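Working notes, beginning with the structure itself.
Residue numbers (our numbering), protein chains in the order written: chain L, 1 to 396; chain A, 1 to 396.
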């Protein structure tokens with residue numbers, strides 16, 4: 001039997017799961033912003049309409065058509081036949097990992113810091129980090145170097161907008177040179193775009209997918225915009241891969257929760273998604289701006305960060321944040337939580353070890369200042385301990 | 001990239017997916033028997049109650065308590081903490097396959113005929129067949145022999161009630177001797193009990209699980225009783241495996257559709273499940289009896305079968321049914337479908353090749369006779385072709 005244990009980080013964060021703890025740790029959407037009433041009405045209609053919504057079924061074509069239409073907001077033109085439904089983006093990553101790796105241990109190229117769920121989805125593959133200049137740009141030369149690994153890496157996993165954990169969004173130039181390099185190397189790219197519809201700049205950045213639909217496997221999701229509990233996401237991939245994806249998907253869970261598919265489809269029929277998305281962006285943009293101002297108040301001169309153009313995360317770097325798991329323990333003692341950069345580091349990428357990831361998605365206006373203040377106090381208190389320990393050592 | 005293709009059988013059955021075809025092929029529950037109205041009311045209540053039903057969440061403790069109570073109907077006494085929720089029984093098999101195999105290709109012991117989804121769930125494991133005497137009993141000596149395989153098989157997968165595809169239910173004696181043998185060999189058993197609540201005899205047979213809760217990993221599901229679209233099932237396993245199962249599950253799809261969990265839990269709170277289950281058993285028992293009478297009308301003396309005590313399937317054997325894929329093509333031409341026994345055969349188990357699996361779950365009273373008549377005509381017509389071809393060959 002396999003020996004599988006949650007990480008020390010997961011265990012620490014479980015201790016942080018307490019109402020007194022002001023948490024900037026988890027990348028969850030704010031449930032207050034889900035369209036609960038509208039989804040309730042949709043569920044009611046769907047289940048009353050007939051029992052087919054409760055039966056095994058093929059993926060719902062109408063939902064695929066609606067997703068193809070939604071994708072126009074990301075400048076993606078695709079046919080419903082290119083859309084493959086999955087049980088959340090997590091399963092999309094699992095399936096693409098299985099599809100694109102010839103062997104379970106074939107290496108995969110990733111950014112220096114990666115969403116930990118990707119590691120779980122592709123275990124036991126070796127993840128090889130590719131440097132991101134300024135956390136934004138993948139240098140084509142670095143990609144060339146990384147592709148010399150033996151065995152040849154199966155694909156590159158990346159996020160072009162609202163990167164988790166970096167919070168960064170690639171410029172158009174960076175996207176173009178990456179697409180050119182991938183095409184030249186015949187390297188598939190798995191593009192995780194779960195934050196692509198939550199962009200705060202104008203105009204919003206486009207994804208990698210339209211630059212090379214033959215090499216880019218796009219992953220989108222309803223989790224951040226309608227509710228993760230529905231577990232409904234999608235892959236956009238050339239039609240020729242869909243049969244293999246179906247075989248793999250059936251092995252995992254037969255099909256994607258049909259009731260969720262039906263509820264979302266009915267919701268999209270009944271409601272104005274654009275109005276909902278605009279509201280989400282406004283609310284999250286306010287929180288982003290508030291976190292930026294609050295960080296400035298407590299960390300100006302002591303830490304650096306970029307203001308994210310999409311998604312939920314600030315990546316804040318400072319020498320105050322080294323030995324992140326100790327700092328997290330200190331912060332939890334002060335009833336505040338974050339995720340240390342080291343939790344995302346691939347093959348010990350060095351600069352992750354002086355960074356923290358802070359999520360603004362669920363932080364209320366009246367607790368932001370207190371949360372960041374506690375982080376600052378935790379960092380200072382550890383600094384004092386270190387100086388004190390330094391003195392003590394000096395005396396011996 | 002992996003080369004994955006659906007089987008020739010799947011392709012044939014897709015051609016059979018036409019309203020004119022009377023299908024006894026698929027093991028689906030009858031959607032007319034789902035409690036659609038009640039689930040609609042439950043969904044409405046859950047989603048209106050608040051947005052937490054749409055958020056990521058830990059598995060719902062209340063639902064685990066309700067499942068523990070439900071399990072008392074299977075003579076299983078377990079604590080909610082021993083219940084692990086999964087995205088359908090298919091995912092339960094995938095997860096247990098990962099948990100219990102030290103390597104992806106460690107062999108697994110199975111019955112001579114196995115539900116094809118199990119093969120998909122455990123690919124690339126080698127499946128080693130253990131003989132079932134009279135399709136009902138696993139001979140402990142045969143199990144001893146099978147365990148001599150190198151590497152040592154990781155576990156035995158079986159169904160004690162309403163076997164898919166055999167339709168058989170193990171006697172109490174067979175269950176006891178199997179449990180004793182598994183304990184002596186320290187062999188884990190994965191028991192798929194998705195038909196355990198759909199038994200037509202009195203008293204219903206008990207599962208293997210209570211005989212050895214340390215070795216038996218039990219799989220139950222709401223798919224056959226409330227609706228497969230909800231994708232909610234469970235494993236009962238000793239608490240010490242739950243952490244590892246959680247890590248594996250998170251890698252697959254983070255968590256089991258929370259909305260489904262909430263809807264089912266609300267349904268179980270509001271409605272009388274026992275009344276619903278009694279109605280299901282009555283309706284399916286009627287169809288089973290009708291299929292038995294109809295088979296007698298068309299195949300008495302020409303084929304043999306056992307009347308199933310649980311589940312949805314008749315396993316009908318006859319020399320008329322050899323070369324099942326040809327027979328299926330002939331049957332589809334006559335607008336009738338079934339699944340040839342060979343589709344379930346493990347390592348070419350010989351007697352599967354003269355059997356067909358017929359499902360009575362969705363067959364309406366007024367079409368049963370016509371469906372079986374067409375099967376009989378397809379078999380006869382092929383017999384004539386063979387004789388004719390024999391004659392032709394004779395003339396040359």
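For glycine and all other residues, C-beta sits at the position ideal for the given N, C-alpha and C. For clarity, every value in this text was computed on a predicted model and none was experimentally measured.
For residue i, name the three-state secondary structure that DSSP assigns.
i                     : result
residue 117 (chain L) : helix
residue 391 (chain L) : Low confidence applies here, because residue 391 (chain L) scores a pLDDT of 47, under 50, leaving its location unreliable and the question unanswered by this model.
residue 309 (chain A) : coil
residue 337 (chain A) : strand
residue 209 (chain L) : helix
residue 358 (chain L) : strand
residue 128 (chain L) : strand
residue 84 (chain L)  : strand
residue 106 (chain A) : coil
residue 22 (chain A)  : strand
residue 396 (chain A) : Unreliable placement is indicated for residue 396 (chain A), whose pLDDT of 39 sits below 50; the coordinate value is still reported in the next sentence. In the structure shown, residue 396 (chain A) sits in coil (DSSP, three-state: anything other than H, G, I, E or B).
residue 332 (chain L) : helix
residue 372 (chain A) : helix
residue 7 (chain L)   : coil
residue 194 (chain L) : coil
residue 216 (chain L) : strand
residue 225 (chain L) : coil
For residue i, which residues in chain A fall below 8 Å Cβ to Cβ?
i                     : result
residue 88 (chain L)  : 253, 254
residue 34 (chain L)  : 51, 54, 55
residue 123 (chain L) : 251
Hey, is residue i close to the ligand GTP, as in C-beta under 7 Å from one of its heavy atoms?
i                     : result
residue 196 (chain L) : In terms of ligand content, the structure shown is empty, and the ligand GTP therefore cannot be addressed.
Using only alpha-carbon positions, find the residue among the options that is nearest to residue i.
i                     : options                    : result
residue 35 (chain L)  : L:360, L:229, L:253, L:117 : L:229
residue 353 (chain A) : A:316, A:134, A:45, A:363  : A:316
residue 101 (chain L) : L:114, L:112, L:125        : L:125
residue 326 (chain A) : A:279, A:280, A:378, A:362 : A:378
residue 195 (chain A) : A:163, A:332, A:48         : A:163
residue 261 (chain L) : L:53, L:187, L:342         : L:53
residue 82 (chain A)  : A:364, A:240, A:60         : A:240
residue 93 (chain L)  : L:190, L:384, L:213        : L:190
residue 257 (chain A) : A:88, A:24, A:31           : A:88
residue 187 (chain L) : L:175, L:290, L:46, L:152  : L:152
residue 50 (chain L)  : A:37, A:51, A:61           : A:37
residue 307 (chain L) : L:280, L:331, L:359        : L:359
residue 103 (chain L) : L:365, L:169, L:150        : L:150
residue 76 (chain A)  : A:278, A:250, A:213        : A:213
residue 156 (chain A) : A:117, A:217, A:28         : A:217
residue 255 (chain A) : L:251, L:372, L:231        : L:231
residue 289 (chain A) : A:251, A:175, A:363        : A:363
residue 312 (chain A) : A:335, A:295, A:281        : A:281
residue 344 (chain L) : L:105, L:111, L:277, L:134 : L:111
Residues of chain L with CB closer than 7 Å to the CB of residue i, please, in chain order.
i                    : result
residue 91 (chain A) : 252, 253
residue 44 (chain A) : 40, 43, 44
residue 31 (chain A) : 51, 52, 54, 55
For the putative contact between residue i and residue j, defined by C-beta atoms under 8 Å, what is the C-beta separation to the nearest angstrom?
i                     : j                     : result
residue 204 (chain A) : residue 221 (chain A) : Incorrect: roughly 17 Å between the Cβ atoms, too far for contact.
residue 370 (chain A) : residue 42 (chain A)  : Incorrect: roughly 38 Å between the Cβ atoms, too far for contact.
residue 273 (chain L) : residue 72 (chain L)  : Residue 273 (chain L) to residue 72 (chain L), Cβ: 12 Å. No contact.
residue 21 (chain L)  : residue 337 (chain L) : 5 Å
Can you pull the chain L neighbours of residue i, defined as C-beta to C-beta under 8 Å?
i                     : result
residue 247 (chain A) : 4, 5, 6, 120
residue 94 (chain A)  : 251, 252, 253
Taking Cβ-Cβ distances shorter than 7 Å, what residues in chain A pair up with residue i?
i                     : result
residue 260 (chain L) : 257, 259
Using a Cβ cut-off of 9 Å, pull out every chain A residue sitting near residue i, in sequence order please.
i                     : result
residue 368 (chain L) : Per Cβ cutoff of 9 Å: no residues; residue 368 (chain L) is ~20 Å from chain A at best.
residue 286 (chain L) : Residues of chain A passing the Cβ test: none, with the nearest at roughly 19 Å.
Cβ closer than 9 Å: which chain L residues qualify as neighbours of residue i?
i                     : result
residue 37 (chain A)  : 47, 48
residue 422 (chain A) : With chain A covering only 1 through 396, there is no way to say anything about residue 422 (chain A).
residue 117 (chain A) : 250, 251, 254
Hey, is residue i's beta-carbon within less than 8 Å of any beta-carbon in chain D?
i                     : result
residue 104 (chain L) : Considering every chain present, this structure includes no chain D. Its protein chains are L and A.
* Asked: Using Cβ-Cβ distances below 9 Å, what residues of the segment 342–358 of chain A are close to chain L?
  -> Listed by position along the chain: nothing, the set is empty.
What residues from the segment 208–231 of chain L come within 9 Å of chain A, judged by C-beta to C-beta, listed N to C?
Residues passing the 9 Å Cβ filter: 223, 226, 227, 228, 229, 230, 231.
request  = Using a Cβ-Cβ cut-off of less than 8 Å, list which residues of the segment 54–70 of chain A approach chain L; keep chain order.
outcome  = Hits within the stretch, in order: 54, 55, 56, 57.
Q | Interfacial residues, the segment 72–83 of chain L to chain A, with Cβ spacing under 7 Å | A | The segment 72–83 of chain L vs chain A, Cβ under 7 Å: nothing.
* Members of the segment 324–337 of chain L that neighbour chain A once the beta carbon cut-off is set at 9 Å -> Interface annotation for the segment 324–337 of chain L against chain A: empty, criterion Cβ-Cβ distance under 9 Å.
Against chain L: residues of the segment 151–172 of chain A by CB proximity under 7 Å:
Contact residues of the segment 151–172 of chain A toward chain L are absent (C-beta to C-beta distance below 7 Å).
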